[in-house]
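Asks: 1284 is the number of the first residue of the sequence shown in my numbering; add one for each residue after it. Below is a structure I'd like to ask you about.
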Amino acid sequence: MTSSRSEFLEIAVRIGARICRDAIWSGNRCNWLGDSMEKLDGSWKVAHRALSPDFYGGTAGIAFFLARLHSFTGERLFRQTAEAAILQARSRIPYMAPSVKPSLYLGVTGIAYTLAAMGFENEARLHVNDLSHLCRNVEVDEAALDVIGGIAGAIPALLSMGAMLSEHTFITLAVSYGEHLLLSARKSSLGWSWNTLHVPAERRTEDLTGFSHGAAGIAWALSELFEHCKDTRFREAAHAARRYEDSHFNRQYLNWPDFRYLYDPDALNKDGPSYPISWCHGAPGIGLDRLRAYEIFGIEGLKEQGETAIQTTETILKYTKGSNFSLCHGLGGNADLLIFAAEVLNDPSRMGVPEKVGEEGIEQIERQELRWPCGVTDGDDTPSLMLGTAGIGYFYLRLYDRYQVPSVLIPGAHTTRTLASAPLSF
């Protein structure tokens, strides 16, 4: 089958409508129930509970999707539910752990990012100013350096908001986070890496590669800092981070290793590193970093590495039947690498594979009236952005109009690219 672009929007609308239907309201706020993976009694188990307030798995991320959907459809229910979801997220900020408050995906920065995108600019400023005050009085947690739970992910979002809102506080905070990354780097002959798992020195052998917790994500943050302020220290640190990561590149798998098995007693593979293919670990996320770095620095070798990551990612995009469609470690996130390549390389032909993935999702799931497979292992569906149906809906919005629906897997990257005027700022 060949879907029209309007059908991709229709699928996003149907997903959004179901999310709104399932919302649980209390006054002017709402939340949802969904599955997540949590460590209980020493092992990972599926937990069904109310969602957290964050961008990754909580109400802020759902609000971001519904607000974007409203901008295309004008459907009032989408906007009302988005506003109720972000109010719920704001109400839970005082209960967030200080260590994750700076982060984009798990912390206050993600809530501020959503507020700014929805047009609540003053509220976004308020929360970032509170973060700035927090960081002046509390040292950044050494285990909160990465993209998902730490300051690396916050940096590009703060730079993007600072540029869009002409707010210098945002830029200052992003630079202070960058300074911390420079100071906390582990420097060796292989390059620079970071102890994102907070492993004691006597047990630490290899630091992580990859986008969500490893060198690629930190390299991306440092590159965005260089792009904004032209401080060569950030450029050299970004190059050193990629040099470390590339020292571990496996030519047999055309992929970069996941070293979590070294430190996780519950890791399935005890004999050596695995080579996953997902945004969070492996080629798709690393490919996003390399393509964005090519866009910033113009180094041909970075484009070549991006092409290698695309080649590896395409191998798994062929297998859609039974696969989950989530953004974090599913088909939606993997396909986003090719959508991003179409933008960066100005090559619409790259959209063929992502559109095929979207079409097969429609055929296998939506037309069969089945639940969308999400990213919670052994769990049911969840409405969240990075693991669930809000993210799947966002993937279909990306297929519908990639220019006005920027990636949430490498947020802020579009701010230096000339795009058509978007209905939302981010």
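Don't be surprised by glycine CBs; every beta carbon is placed ideally from N, CA and C.
1. Within a Cβ cutoff of 7 angstroms, which residues of the same chain sit near ARG1373, ignoring the five residues on either side of it in sequence?
2. Which one or two residues does DSSP pair with LYS1586 in a beta bridge?
3. Could you give the uninterrupted runs of the beta strand (DSSP E) lying entirely in the region 1411-1490, keeping only those of 3 residues or more?
4. Is it the case that the Cβ atoms of PHE1338 and VAL1430 are separated by a distance below 8 angstroms?
5. Quick check: the region 1565-1583 against the region 1636-1653, are there 3 or more CB pairs under 8 angstroms?
6. Do ALA1333 and LEU1349 have their CB atoms nearer than 8 angstroms?
7. Is the Cβ-Cβ distance between PHE1453 and VAL1391 less than 8 angstroms?
8. Leaving aside the five residues before and after ALA1703 along the sequence, list all residues of the same chain whose C-beta is less than 6 angstroms from its C-beta, in chain order.
9. I'd like to check one pair, PRO1556 with ALA1592: are the Cβ atoms closer than 8 angstroms?
10. Counting Cβ pairs, one atom from each stretch, are 3 or more of them under 8 angstroms apart for the region 1470-1480 and the region 1398-1413?
11. Alpha carbon to alpha carbon, how far is ILE1298 from PRO1483?
12. Using DSSP with H/G/I as helix, E/B as strand and the rest coil, what is GLY1390?
13. I need the DSSP call for HIS1496, collapsed to helix, strand or coil.
14. How long is the line joining the alpha carbons of GLY1658 and VAL1691, rounded to whole angstroms?
15. Among the candidates LEU1466, ASP1663 and ALA1400, whose CA atom is the shortest distance from the CA of ASN1607?
16. Whole-angstrom Cβ separation of ILE1302 and PRO1666, contact assumed at under 8 angstroms?
17. Exposed or buried, which one is ASN1311 when buried takes at least 16 other CB atoms within 10 Å?
18. If I measure Cβ to Cβ from ALA1705 and keep anything under 6 angstroms in the same chain, skipping five residues before and after, which residues do I get?
19. Does the Cβ-Cβ distance between MET1401 and ALA1437 come in under 8 angstroms?
20. Indicate the three-state DSSP secondary structure (helix, strand or coil) for GLY1635 in the structure shown.
21. Looking only at its chain, what residues have a beta carbon closer than 6 angstroms to the beta carbon of ASN1538, apart from the 5 residues adjacent to it on each side?
22. Spatial neighbours of PHE1397 within its chain, please: CB distance less than 8 angstroms, with the 5 preceding and 5 following residues excluded, ordered by chain position.
23. Going by other Cβ atoms of all chains shown within 10 Å of its Cβ, with 16 needed for buried, is GLN1588 buried or exposed?
24. Spatial neighbours of LYS1384 within its chain, please: CB distance less than 6 angstroms, with the 5 preceding and 5 following residues excluded, ordered by chain position.
25. Examine the Cβ distances between the region 1312-1319 and the region 1665-1681 and report whether three or more of them are shorter than 8 angstroms.
26. Within 10 Å of its beta-carbon, does ALA1523 have 16 or more other beta-carbons around it, so buried, or fewer, so exposed?
27. Considering only the beta carbon of each residue, do ILE1721 and ARG1681 sit closer than 8 angstroms?
28. Could you tell me which of LEU1448, ARG1525 and SER1415 sits nearest to ALA1468, measuring between CA atoms?
29. Can you tell me whether ILE1560 is helix, strand or coil according to DSSP?
30. Per DSSP, which residues does VAL1329 bridge with? Please list them.
31. Taking the continuous alpha helix (DSSP H) assigned at ARG1573, which residues delimit it?
32. Starting from the C-beta of ASP1541, find all residues in its chain whose C-beta is less than 6 angstroms away, skip the five residues before and the five after it, and write them out in chain order.
33. For HIS1531, which residues of its own chain have a beta-carbon under 7 angstroms away from its beta-carbon, when the five flanking residues on both sides are left out?
34. So, does the CB of THR1356 fall closer than 8 angstroms to a CB anywhere in chain D?
35. Of the residues TYR1602, GLY1357, GLU1597 and GLY1500, which one's Cα is nearest the Cα of ASP1619?
36. Please classify THR1701 as buried or exposed, where buried requires at least 16 other C-beta atoms within 10 Å of its C-beta.
Replies: According to the structure data:
1. On the sequence shown, position 90 is the one that residue 1373 refers to. In the same chain as ARG1373, and ignoring 5 residues on each side of it, the C-beta atoms closer than 7 angstroms to its own belong to ILE1394, in chain order.
2. The residue labelled residue 1586 in the question sits at position 303 within the sequence shown. DSSP output for LYS1586 lists no bridge partner at all.
3. 1469-1471 and 1474-1476
4. Stepping through the sequence shown from its first residue, residue 1338 is reached at position 55. Stepping through the sequence shown from its first residue, residue 1430 is reached at position 147. Against a cut-off of 8 angstroms, the Cβ pair of VAL1430 and PHE1338 comes out as no contact.
5. no
6. One-based indexing of the sequence shown puts residue 1333 at position 50. One-based indexing of the sequence shown puts residue 1349 at position 66. No; because the gap between Cβ atoms is not below 8 angstroms, this pair is not in contact.
7. What you label residue 1453 is simply residue 170 of the sequence shown in a count that begins at 1. What you label residue 1391 is simply residue 108 of the sequence shown in a count that begins at 1. Their beta carbons are not under 8 angstroms apart, which means PHE1453 does not touch VAL1391 by this criterion.
8. Taking the first residue of the sequence shown as position 1, residue 1703 is located at position 420. For ALA1703, the predicted model reports a pLDDT of 37, less than 50, meaning its position is unreliable and no value from the coordinates is stated.
9. If you number the sequence shown from 1, residue 1592 lands on position 309. If you number the sequence shown from 1, residue 1556 lands on position 273. Cβ distance not < 8 angstroms, so ALA1592 and PRO1556 don't count as in contact.
10. When C-beta atoms of the region 1470-1480 are compared with those of the region 1398-1413, fewer than three pairs fall below 8 angstroms, so the two segments do not count as touching.
11. Numbered from its first residue, the sequence shown carries residue 1298 at position 15. Numbered from its first residue, the sequence shown carries residue 1483 at position 200. ILE1298 and PRO1483: Cα-Cα distance of roughly 44 angstroms.
12. Numbered from its first residue, the sequence shown carries residue 1390 at position 107. Looking at GLY1390 - three-state DSSP - the assignment turns out to be coil, as it is neither helix nor strand.
13. In the sequence shown, the residue the question calls residue 1496 occupies position 213. Correct three-state label for HIS1496: coil.
14. If you number the sequence shown from 1, residue 1658 lands on position 375. If you number the sequence shown from 1, residue 1691 lands on position 408. Each residue's alpha carbon lies about 16 angstroms from the other.
15. Start at 1 with the first residue of the sequence shown, and residue 1607 comes out as number 324. Residue ASP1663 is the option with its Cα nearest to ASN1607.
16. Stepping through the sequence shown from its first residue, residue 1302 is reached at position 19. Stepping through the sequence shown from its first residue, residue 1666 is reached at position 383. Yes, they are in contact, since the Cβ atoms of ILE1302 and PRO1666 sit about 5 angstroms apart, within 8 angstroms.
17. Numbered from its first residue, the sequence shown carries residue 1311 at position 28. Result: exposed.
18. The residue given as residue 1705 occupies position 422 in the sequence shown. In this prediction, ALA1705 has a pLDDT of 44, which is less than 50 and means its spatial position is unreliable; what the coordinates show is noted afterwards. So the qualifying residues of the chain are GLN1687.
19. In the sequence shown, the residue the question calls residue 1401 occupies position 118. In the sequence shown, the residue the question calls residue 1437 occupies position 154. Going by C-beta atoms, MET1401 is not nearer than 8 angstroms to ALA1437.
20. Here residue 1635 corresponds to residue number 352 of the sequence shown, with the count starting at 1. Correct three-state label for GLY1635: helix.
21. Within the sequence shown, the letter at position 255 stands for residue 1538. Contacts found: TYR1558, GLY1565, ALA1566 and THR1595.
22. Sequence index remark: in the sequence shown, residue 1397 carries index 114 (1-based). The residue you asked about is not Phe; residue 1397 is Thr in the sequence shown. These residues qualify, in order along the chain: PHE1338, ALA1343, GLY1344, ALA1346, PHE1347, ALA1350, ILE1369 and ALA1372.
23. Here the question's residue 1588 lines up with position 305 in the sequence shown. When all chains shown are included, GLN1588 counts as buried.
24. Start at 1 with the first residue of the sequence shown, and residue 1384 comes out as number 101. GLY1390 and VAL1391, listed in sequence order.
25. yes
26. Looking up residue 1523 in the sequence shown gives position 240. Buried is the call here.
27. Here the chain comprises residues numbered 1284 to 1709, so residue 1721 is not present and cannot be evaluated.
28. By 1-based counting over the sequence shown, the position of residue 1468 is 185. Ranking the options by Cα distance to ALA1468, first place goes to ARG1525.
29. Along the sequence shown, one-based indexing puts residue 1560 at 277. In the structure shown, ILE1560 sits in a strand (DSSP, three-state: E or B).
30. Along the sequence shown, read from residue 1 onward, the residue named residue 1329 stands at position 46. DSSP output for VAL1329 lists MET1320 as bridge partner(s).
31. Here residue 1573 is taken as the residue at index 290 of the sequence shown, counted from 1. Looking at the DSSP string, the run of the alpha helix (DSSP H) that includes ARG1573 is 1566-1580.
32. For the purposes of this step, residue 1541 is taken as the residue at position 258 of the sequence shown. If we look at ASP1541 and ignore the five residues flanking it on each side, its Cβ neighbours are PRO1556, SER1557, PRO1559 and HIS1564.
33. Here the question's residue 1531 lines up with position 248 in the sequence shown. If we look at HIS1531 and ignore the five residues flanking it on each side, its Cβ neighbours are THR1492, TRP1539 and PRO1540.
34. Among the protein chains of the structure shown there is no chain D, as only one such chain exists.
35. Taking the sequence shown and counting its residues from 1, one reaches residue 1619 at position 336. Closest option to ASP1619, Cα to Cα, is GLU1597.
36. Along the sequence shown, one-based indexing puts residue 1701 at 418. Bear in mind that a pLDDT of 41 at THR1701, under 50, signals an unreliable position, so the number given afterwards is only what the model happens to contain. It is exposed - the Cβ of THR1701 has fewer than 16 other Cβ atoms within 10 Å.
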